[in-house]
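Student: Residue numbers (this note's numbering), protein chains in the order written: chain P, 39 to 369; chain A, 298 to 579.
The beta carbon of each residue, even a glycine, is placed where N, CA and C say it ideally should be.
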């Protein structure tokens, strides 16, 4: 069942579940944050409408800077703007931001520890038809490896809005991973959100769970559906929303691991270096139990509908169910 | 032309000479580091910190200060030495350059020395950051209060494409509070800049970006002074001062030789050089 304490969207299992884009939520969050804080500045590299920072640009044109197609410059300019007391958000597609401009992010933002917020939209296979060149599958790895960096991957539109508003109040360099498509709304305005706090979204009606599923980003929805299906077969699972990948909520992960003694991680990202790797790094040293990974395995994506791609690259609901059964056997 | 008083020039020359001695001493002590660029930019650093820059060593975070961004971080011996001679920290500390636990990191790191405007070393990134500072200060109308951002870059690092992205933005945003000083010493690690990657007519290139460009002798205090005063008068665009400098300026035997770009003098070479500099203003 859904965790009743989190005031989640109760229509989540309906066919007509309401959908929304994380990028849109972020765009809305920026406007709200901008109203409260005059120091918030937004920079964009010629993808204003498509990364939904047009909402901010229209409301606060004097605090919006169009950089042109120059993501490397954008990152370092933002560092300079931050150094005179502003909170800059830099927006583009994940493949370019933090892909193209990774070293500028390392040196001018993280090494300087400046409060620049990096918005990488269109992450993951779910970009679909644009093809492999535009499907950022490495961005979590690229950002979580950087000292000082906070990495957030919101699960739905509402959580994306909260993530943006919350991170606008911190001094940390932060990466916010967003996606293009409309995906099911899992949380509600009332659902609590805090950076660095993982949440158990789905849990058995009674008793302890046999397997813990840890998911990040909108693919959390698939994890919940998989858990629901597994429940019908008598396999009890708990599903965790790990929207903050760094810093890791070690306490929550350890507690889930101790209860279930088997974990499946789920992400729309390369398995190498991604969220699952973070979990494996942590648990292998602190509570060594079997882990299975859902993610893209050493491959680039290609054109197709998101559903076609998710099936082909084995990050769909049936794949999660299969991995849960596999990890159970390894217990 | 607005010439400086002779006494002022003499004062700056003596300062620069002392700073050069400190640079040579610290590099010999460190055993590695970049000599040519540091000595070549000594006159400009001296002029900035001892004449025109709005700064306060006792209050390094003073809000009304000018910002100085050193983009080519490898010439940091001149930055550290000028800061020490200005009173930011004791000159004895210069001997810790490049040593474990020192604030004087091999390339500047703001975490170790928080009053630096930025860390630097990886080339081609300072200009973007200076553009960001200029934009941020302008948003708060600090340009009208006379706050300037000075960005010092090398000519070799202009190979990096990010500089040209930054120049386009600086021009678009009409950042008249930004003064870029290019150290045109015509050397980089692999040799002559015009052979490694020709910059050709840098003045024309810069002008085509709608920047206010001046070319000067980077060792002549009057020329440096006048160029900066002219830059400040210009209210419609960022300014670029292309400063022709001599690598390793001050030590005749090393001047112009690109091999001094990335190496430090040994103890004997340093002693000989310092001995000569000692005699200049005895």
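1) For residue 252 (chain P), name the three-state secondary structure that DSSP assigns.
2) Taking residue 316 (chain A) and residue 343 (chain A) to be in contact with their CB atoms under 8 Å, please state how far apart those CB atoms are, rounded to whole angstroms.
3) Determine whether the Cβ of residue 410 (chain A) lies closer than 8 Å to any Cβ atom of chain P.
4) Checking contacts by CB at 8 Å: is residue 402 (chain A) closer than that to chain P?
5) Looking only at DSSP bridge pairs, what is residue 126 (chain P) linked to?
6) Name the one or two DSSP bridge partners that residue 541 (chain A) has.
7) Give me the residue from A:318, A:301, A:430 with the minimum Cα distance to residue 570 (chain A).
8) Grab the span of the beta strand (DSSP E) containing residue 447 (chain A) for me, first residue to last.
9) Determine the chain A residues that contact residue 122 (chain P) at a beta-carbon separation under 7 Å, and present them in chain order.
10) Could one say the Cβ of residue 454 (chain A) lies closer than 8 Å to chain P's Cβ atoms, at least one of them?
11) Between the C-alpha atoms of residue 237 (chain P) and residue 108 (chain P), what's the straight-line distance to the nearest angstrom?
12) Tell me whether residue 218 (chain P) is buried or exposed, calling it buried when 16 or more other Cβ atoms sit within 10 Å of its Cβ.
13) I want to verify the contact list: residues of chain P whose CB lies under 8 Å from the CB of residue 406 (chain A), in sequence order.
14) Where does residue 551 (chain A) land, buried or exposed, given buried means 16+ other C-beta within 10 angstroms?
15) Less than 8 Å between the CB atoms is what I'm expecting for residue 83 (chain P) and residue 112 (chain P), so what's the real figure, rounded?
16) Residue 466 (chain A) CB to nearest chain P CB: under 8 Å?
17) To which residues does DSSP link residue 159 (chain P) through a beta bridge?
18) Please report how far the alpha carbon of residue 62 (chain P) lies from the alpha carbon of residue 89 (chain P), in whole angstroms.
19) Are at least three pairs of beta-carbons, each pair with one atom in the segment 40-50 of chain P and one in the segment 219-228 of chain P, less than 8 Å apart?
20) Can you tell me which of A:337, A:412, A:302, A:324 puts its alpha carbon nearest to the alpha carbon of residue 313 (chain A)?
21) Is the CB of residue 141 (chain P) under 8 Å away from at least one CB in chain A?
22) Compile a chain-ordered list of the residues in the segment 81-102 of chain P whose CB is closer than 8 Å to at least one CB of chain A.
23) Counting only beta-carbon separations shorter than 8 Å, does residue 505 (chain A) have a partner in chain P?
24) Judging by CA-CA distance, which residue of A:561, A:577, A:574, A:578 is the nearest neighbour of residue 325 (chain A)?
25) Let me check one thing: in DSSP terms, what residues is residue 262 (chain P) bridge-paired to?
26) Looking at the C-beta of residue 485 (chain A), does it have a partner C-beta in chain P at a distance below 8 Å?
27) With a CB to CB cut of under 7 Å and the five nearest residues on each side skipped, what residues in its chain are close to residue 369 (chain P)?
28) Among P:204, P:100, P:232, P:119, which has the Cα closest to the Cα of residue 66 (chain P)?
29) Considering only the alpha carbon of each residue, which of P:132, P:81, P:341, P:273 lies closest to residue 181 (chain P)?
30) Ignoring anything shorter than 3 residues, give me the beta strand (DSSP E) runs that lie fully in the segment 187-219 of chain P, in order along the chain.
31) Using three-state DSSP, classify residue 387 (chain A) as helix, strand or coil.
32) So, at 6 Å on beta carbons, what are the nonlocal neighbours of residue 477 (chain A) in its own chain, with the 5 sequence-adjacent residues on each side left out?
33) Based on Cα-Cα distance, which residue from P:96, P:257, P:354, P:281 lies nearest to residue 200 (chain P)?
34) Hey, does residue 281 (chain P) have any beta-carbon neighbour from chain A nearer than 8 Å?
35) On the DSSP letters alone, give me the boundaries of the beta strand (DSSP E) that residue 239 (chain P) sits inside.
36) Quick one: residues in its chain with C-beta nearer than 8 Å to the C-beta of residue 386 (chain A), no 5 flanking neighbours on either side, listed in chain order?
Tutor: Let's see:
1) The residue labelled residue 252 (chain P) in the question sits at position 214 within the first chain. Three-state result, residue 252 (chain P): strand.
2) On the second chain, position 19 is the one that residue 316 (chain A) refers to. On the second chain, position 46 is the one that residue 343 (chain A) refers to. At roughly 6 Å, the Cβ-Cβ gap stays under 8 Å, so residue 316 (chain A) and residue 343 (chain A) are in contact.
3) As a position in the second chain, residue 410 (chain A) is number 113, starting the count at 1. Chain P contact via Cβ: absent.
4) Start at 1 with the first residue of the second chain, and residue 402 (chain A) comes out as number 105. Answer no: the Cβ-Cβ gap between residue 402 (chain A) and chain P never drops below 8 Å.
5) The count along the first chain starts at 1 and reaches residue 126 (chain P) at position 88. According to DSSP, which records beta bridges pairwise, residue 126 (chain P) is partnered with P:79.
6) Numbered from 1 along the second chain, position 244 holds the residue referred to as residue 541 (chain A). DSSP, once it has assigned bridges, lists A:481, A:514 as partnering residue 541 (chain A).
7) Along the second chain, read from residue 1 onward, the residue named residue 570 (chain A) stands at position 273. Minimum Cα distance to residue 570 (chain A) is reached at A:318.
8) Along the second chain, one-based indexing puts residue 447 (chain A) at 150. Residues 446-451.
9) Translated into positions along the first chain, residue 122 (chain P) becomes position 84. Correct list: 430, 433, 434.
10) In the second chain, counting from the first residue as 1, residue 454 (chain A) sits at position 157. Chain P, which has no Cβ nearer than 8 Å to the Cβ of residue 454 (chain A), makes this no.
11) Your numbering for residue 237 (chain P) matches position 199 in the first chain. Your numbering for residue 108 (chain P) matches position 70 in the first chain. Cα to Cα, residue 237 (chain P) sits roughly 37 Å from residue 108 (chain P).
12) Stepping through the first chain from its first residue, residue 218 (chain P) is reached at position 180. Under this definition residue 218 (chain P) is a buried residue.
13) Residue mapping note: residue 406 (chain A) aligns to position 109 of the second chain, counting from 1. Result: 149.
14) The residue you call residue 551 (chain A) lines up with position 254 of the second chain. In summary, residue 551 (chain A) is buried, with 16 or more beta-carbon neighbours lying within 10 Å of its beta-carbon over all protein chains present.
15) As a working note, residue 83 (chain P) is residue 45 in the first chain. As a working note, residue 112 (chain P) is residue 74 in the first chain. Right, the Cβ-Cβ distance comes to about 5 Å (below 8 Å), so this counts as a contact.
16) Against the second chain, residue 466 (chain A) aligns to sequence position 169. Taking Cβ atoms only, chain P reaches closer than 8 Å to residue 466 (chain A), which makes this a yes.
17) The sequence position of residue 159 (chain P) within the first chain is 121, counting from 1. Answer is P:131.
18) Counting from 1 along the first chain, the entry for residue 62 (chain P) is found at position 24. Counting from 1 along the first chain, the entry for residue 89 (chain P) is found at position 51. Between residue 62 (chain P) and residue 89 (chain P), the alpha-carbon positions lie close to 8 Å from each other.
19) Contact between the segment 40-50 of chain P and the segment 219-228 of chain P is present, with at least three C-beta pairs closer than 8 Å.
20) Sequence index remark: in the second chain, residue 313 (chain A) carries index 16 (1-based). Of the listed residues, the one whose Cα sits closest to residue 313 (chain A) is A:337.
21) To locate residue 141 (chain P), count along the first chain from 1; it is residue 103. Closer than 8 Å to some Cβ of chain A, the Cβ of residue 141 (chain P) qualifies, so yes.
22) Residues 100, 101.
23) Here residue 505 (chain A) is taken as the residue at index 208 of the second chain, counted from 1. Not closer than 8 Å to any Cβ of chain P, the Cβ of residue 505 (chain A) fails to qualify, so no.
24) Here residue 325 (chain A) corresponds to residue number 28 of the second chain, with the count starting at 1. Nearest of A:561, A:577, A:574, A:578 to residue 325 (chain A), Cα basis: A:561.
25) In the first chain, residue 262 (chain P) corresponds to position 224, counting from 1. As computed with DSSP, residue 262 (chain P) is found in no beta bridge at all.
26) Residue numbering aside, residue 485 (chain A) sits at position 188 when the second chain is read from its first letter. No, no contact with chain P.
27) Residue 369 (chain P) sits at position 331 when you count from the first residue of the first chain. So the list reads 299, 300, 328, once near-sequence residues are dropped.
28) Here residue 66 (chain P) refers to the residue found at position 28 when the first chain is read from its first residue. When only C-alpha atoms are compared, the closest one is P:204.
29) Start at 1 with the first residue of the first chain, and residue 181 (chain P) comes out as number 143. Here the closest residue by C-alpha is P:132.
30) Here the runs fully enclosed are 188-190, 212-215.
31) As a first step, residue 387 (chain A) must be located in the second chain, where it is residue number 90. In this structure, DSSP gives residue 387 (chain A) a state outside helix and strand, which the three-state scheme calls coil.
32) For the purposes of this step, residue 477 (chain A) is taken as residue 180 along the second chain, with counting starting at 1. Hits under 6 Å: 448, 537.
33) Working through the first chain from its first residue, we reach residue 200 (chain P) at position 162. It is P:281.
34) In the first chain, counting from the first residue as 1, residue 281 (chain P) sits at position 243. Closer than 8 Å: no.
35) In the first chain, counting from the first residue as 1, residue 239 (chain P) sits at position 201. Looking at the DSSP string, the run of the beta strand (DSSP E) that includes residue 239 (chain P) is 237-240.
36) Within the second chain, the letter at position 89 stands for residue 386 (chain A). Answer for residue 386 (chain A): 380, 400, listed in chain order.
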